[in-house]
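Here is the structure we will look at.
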Amino acid sequence: MRVDLFDFDLPPDRIALRPARPRDAARMLLVERQRIADHTVRDLPSLLRAGDMLVFNDTRVLPAQLEGRRGEARVGVTLHKRAGPREWWAFVRNARRLRAGDRVDFADEVAAYVVERGQDGAVLLKFDGAEPVEELLARAGTMPLPPYIASKRPTDADDAVDYQTMFARETGAVAAPTAALHFTPALIDALDAAGVRRETLTLHVGAGTFLPVKADDTSDHRMHAEWGRIDPATADRINAVRAAGGRIVAVGTTVLRLLESAADDRGRIHPFEGDTAIFITPGTPIRAVDGLMTNFHLPRSTLFMLVSALMELDTMQAAYRHAIASGYRFYSYGDASLLLPHPAK
Numbered sequence: 007m008r009v010d011l012f013d014f015d016l017p018p019d020r021i022a023l024r025p026a027r028p029r030d031a032a033r034m035l036l037v038e039r040q041r042i043a044d045h046t047v048r049d050l051p052s053l054l055r056a057g058d059m060l061v062f063n064d065t066r067v068l069p070a071q072l073e074g075r076r077g078e079a080r081v082g083v084t085l086h087k088r089a090g091p092r093e094w095w096a097f098v099r100n101a102r103r104l105r106a107g108d109r110v111d112f113a114d115e116v117a118a119y120v121v122e123r124g125q126d127g128a129v130l131l132k133f134d135g136a137e138p139v140e141e142l143l144a145r146a147g148t149m150p151l152p153p154y155i156a157s158k159r160p161t162d163a164d165d166a167v168d169y170q171t172m173f174a175r176e177t178g179a180v181a182a183p184t185a186a187l188h189f190t191p192a193l194i195d196a197l198d199a200a201g202v203r204r205e206t207l208t209l210h211v212g213a214g215t216f217l218p219v220k221a222d223d224t225s226d227h228r229m230h231a232e233w234g235r236i237d238p239a240t241a242d243r244i245n246a247v248r249a250a251g252g253r254i255v256a257v258g259t260t261v262l263r264l265l266e267s268a269a270d271d272r273g274r275i276h277p278f279e280g281d282t283a284i285f286i287t288p289g290t291p292i293r294a295v296d297g298l299m300t301n302f303h304l305p306r307s308t309l310f311m312l313v314s315a316l317m318e319l320d321t322m323q324a325a326y327r328h329a330i331a332s333g334y335r336f337y338s339y340g341d342a343s344l345l346l347p348h349p350a351k
C-alpha cells in the first residue's frame, strides 16, 4: 500500500508534552466500526464486560539516553536493542565519526567501545567494566523521551516516573508501552470490581518504534525487531478467557504485535520467546485480539498502519479527524483510544 494513504495533518499544539494528572483523567475515544464516542480513561470498566481480559506489557524502561565524547567529538547515543550481557545496538548522533574500536566516554566514568556498524545505521556498543549495564545506565543515562517531546523540552525528574507504567517489572525497554501509562491503582480496582481480568507479557520496546517510514510503499519498509516473551501459563490463561467467550483487549500496540506473533491461524496463543519484526498493515489478519487500547499515533507511522489494519483505514481516518477537531492530545503522553472492531453481542 502507498504510505501516503496514512498521512494526515496534525497541528503541533496537539502533541502532549506532559501526561494527564492523574493518569486516568486522560480522555479516551471509543472507536467502533459504526460509531465513535468521547469518554475518559476512567470509563473503561463500563465499556468492557465481565470476563473480558486486558493484557499489559510489563517491560521497564531503562535510562537509555546517553551523551558522550569520542575524543573532542560530541556523541549522542540512544540504546535500541540488547545484543548480549554488555552489548547494545544503539542509534548514534554523529555516528559517521565512529569506527570499530573507538572508545566513547560518558558521564560518571561510564565508557563503551564500538564493536561494529550495522547496515541500518545502528552501532553495536560494548560497555566497559564489570558492573551490570543497568547500573552504568542509572549513573550516566536519562529517560529516552520520544523525539517529538525531547525536541521541545528537556528531560527532567518528573519523566523518571511519568515515562514508566505501574506494571513495569522486566527491565529492558528503551521506550515505554505508552497505552498503559493511563492506568492507576484506583482504575485497576474499578476494573477488578467490574470482573475484568488482566494478564501481563513482556516485549522490550526499542527505539526503532520512532523511526519514520521512508519508503513510498509499505512493502518496501523494513520493520525493526524487538524481543518478547509469553510463558506457557500466560498463554493458557489468555486462551481460556477467549474459550469462555471473553474478549482479549491488548493494552498497547506492543502487546498486540507480540500476541499476533505468537498466535496460530485460529487465534490460539502459543508460548513465545525471541525476536519479532511483525509488520501489521491493512490486509494483515488480526487473529489474537478482540480490541486494542492505544494512544494516538504519528502520521505515516507503522503504528497508525497497525490500528488501520484492526479497524479499517476509513474508520481510523474519521476517528483521527474527530480527535484533532475535538482537541485530543497525541502521542506518548497524550490521550487514549479504545478500538473495538466487532459489535457488542
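Using the working numbering, read the sequence shown as starting at 7 and increasing by one per residue. We treat Cβ as the ideally placed atom computed from N, Cα and C, and that holds for glycine. Source: prediction; values computed, not measured.
Assigned exposure category for S267 - 16 Cβ within 10 Å defines buried: For the purposes of this step, residue 267 is identified with residue 261 of the sequence shown, where counting begins at 1. With 16 or more other Cβ atoms within 10 Å, it is buried.
Distance cut-off 8 Å: R39 Cβ against heavy atoms of the ligand MN: No copy of the ligand MN occurs in the structure displayed, which carries no ligand at all.
Exposure label - H348; buried when at least 16 CB within 10 Å: Counting from 1 along the sequence shown, the entry for residue 348 is found at position 342. Counting Cβ neighbours within 10 Å, H348 comes out exposed, since fewer than 16 surround it.
Alpha helix (DSSP H) segment containing I155, residue limits: Position 149 of the sequence shown, counted from the first residue, corresponds to residue 155. It spans P153 to A156 - the alpha helix (DSSP H) in which I155 sits, taken as one unbroken run.
Start-to-end residues for the beta strand (DSSP E) that takes in A43: Locating residue 43 in the sequence shown gives position 37, where the first residue counts as 1. Here the beta strand (DSSP E) through A43 covers I42 to T46.
Distance between V261 and I254 (C-alpha atoms, nearest Å): Locating residue 254 in the sequence shown gives position 248, counting from the first residue. Locating residue 261 in the sequence shown gives position 255, counting from the first residue. Rounded to the nearest angstrom, the two C-alpha atoms are 11 Å apart.
Segment contact, 8 Å Cβ cut-off, at least three pairs: the stretch 141 to 149 with the stretch 66 to 81: yes
Chain-order list of residues whose beta-carbon lies under 8 Å from that of V9 (same chain, five-residue window excluded): As a working note, residue 9 is residue 3 in the sequence shown. Taken in chain order, the residues that qualify are V219, A221, D222, D223, T224, H227 and R306.
Inter-stretch contact (C-beta, 8 Å, three-pair minimum) for the stretch 152 to 163 and the stretch 51 to 64: The stretch 152 to 163, when compared against the stretch 51 to 64, does not touch it at the 8 Å Cβ threshold.
Test item: CB-CB of W233 and L217 under 9 Å: Taking the first residue of the sequence shown as position 1, residue 233 is located at position 227. Taking the first residue of the sequence shown as position 1, residue 217 is located at position 211. L217 is positioned such that its CB atom lies no closer than 9 Å to that of W233.
E363 in three-state terms, based on DSSP: It is not possible to answer for residue 363, since the shown part of the chain is limited to 7 through 351.
Given D19 as reference, the closest of Y154, R235 and A192 once Cα atoms are compared: Your numbering for residue 19 matches position 13 in the sequence shown. Here the closest residue by C-alpha is Y154.
N245 versus S338: straight-line alpha-carbon distance, rounded: The residue given as residue 245 occupies position 239 in the sequence shown. The residue given as residue 338 occupies position 332 in the sequence shown. Roughly 30 Å between the two C-alpha positions.
3 or more residues per run - each beta strand (DSSP E) lying fully within the stretch 230 to 256: 232 to 236
L85 in three-state terms, based on DSSP: The residue you call residue 85 lines up with position 79 of the sequence shown. Residue state, collapsed to three classes: strand.
Closest by C-alpha distance to W95, when choosing among L16, A128, G77 and L187: Indexing the sequence shown from 1 puts residue 95 at position 89. For W95, the nearest C-alpha among the options comes from A128.
Burial state of L11, where buried means 16 or more other Cβ atoms lie within 10 Å: As a first step, residue 11 is located in the sequence shown; it is residue number 5 there, counting from the start. By the 10 Å Cβ count, L11 comes out exposed.
Nearest to G82 (by Cα), restricted to the options G90, R102 and R92: Here residue 82 refers to the residue found at position 76 when the sequence shown is read from its first residue. Considering only alpha carbons, the answer is R102.
Proximal residues to D341 (C-beta, below 6 Å), its chain only, five neighbours per side dropped: Working through the sequence shown from its first residue, we reach residue 341 at position 335. Result list for D341: A32, R33, Y334 and R335, in chain order.
V202 burial status per 10 Å Cβ neighbour count (16 or more: buried): Residue mapping note: residue 202 aligns to position 196 of the sequence shown, counting from 1. By the neighbour-count rule (16 or more Cβ atoms within 10 Å), V202 is buried.
Sequence-distant residues of the same chain with beta carbon closer than 8 Å to P238, five excluded per side: In the sequence shown, counting from the first residue as 1, residue 238 sits at position 232. P277, listed in sequence order.
Per-residue DSSP class, three states only, for L11: Start at 1 with the first residue of the sequence shown, and residue 11 comes out as number 5. Three-state result, L11: helix.
D281 (DSSP reduced to helix, strand or coil): Working through the sequence shown from its first residue, we reach residue 281 at position 275. Here D281 sits in strand by DSSP.
Pairwise C-alpha distance: L23 and R159: Translated into the one-based positions of the sequence shown, residue 159 becomes position 153. Translated into the one-based positions of the sequence shown, residue 23 becomes position 17. Cα to Cα, R159 sits roughly 8 Å from L23.
Beta strand (DSSP E) segment containing R204, residue limits: Within the sequence shown, numbered from 1, the residue matching residue 204 stands at position 198. R203 to H210 is the extent of the beta strand (DSSP E) around R204.
Identity of the residue in L265, Y326 and H188 nearest E205 by Cα: As a working note, residue 205 is residue 199 in the sequence shown. Ranking the options by Cα distance to E205, first place goes to L265.
Candidates G77, E93 and A249, of which the one nearest L130 by Cα: In the sequence shown, the residue the question calls residue 130 occupies position 124. Nearest C-alpha to L130: E93.
CB of T308 within 9 Å of CB of T215, strictly: In the sequence shown, counting from the first residue as 1, residue 308 sits at position 302. In the sequence shown, counting from the first residue as 1, residue 215 sits at position 209. A contact, by the Cβ cut-off of 9 Å.
Length-filtered (3 minimum) beta strand (DSSP E) runs lying within the stretch 138 to 183: 176 to 179
Three or more C-beta pairs below 8 Å linking the stretch 175 to 191 and the stretch 105 to 120: Contact fails: fewer than three Cβ-Cβ distances are below 8 Å.
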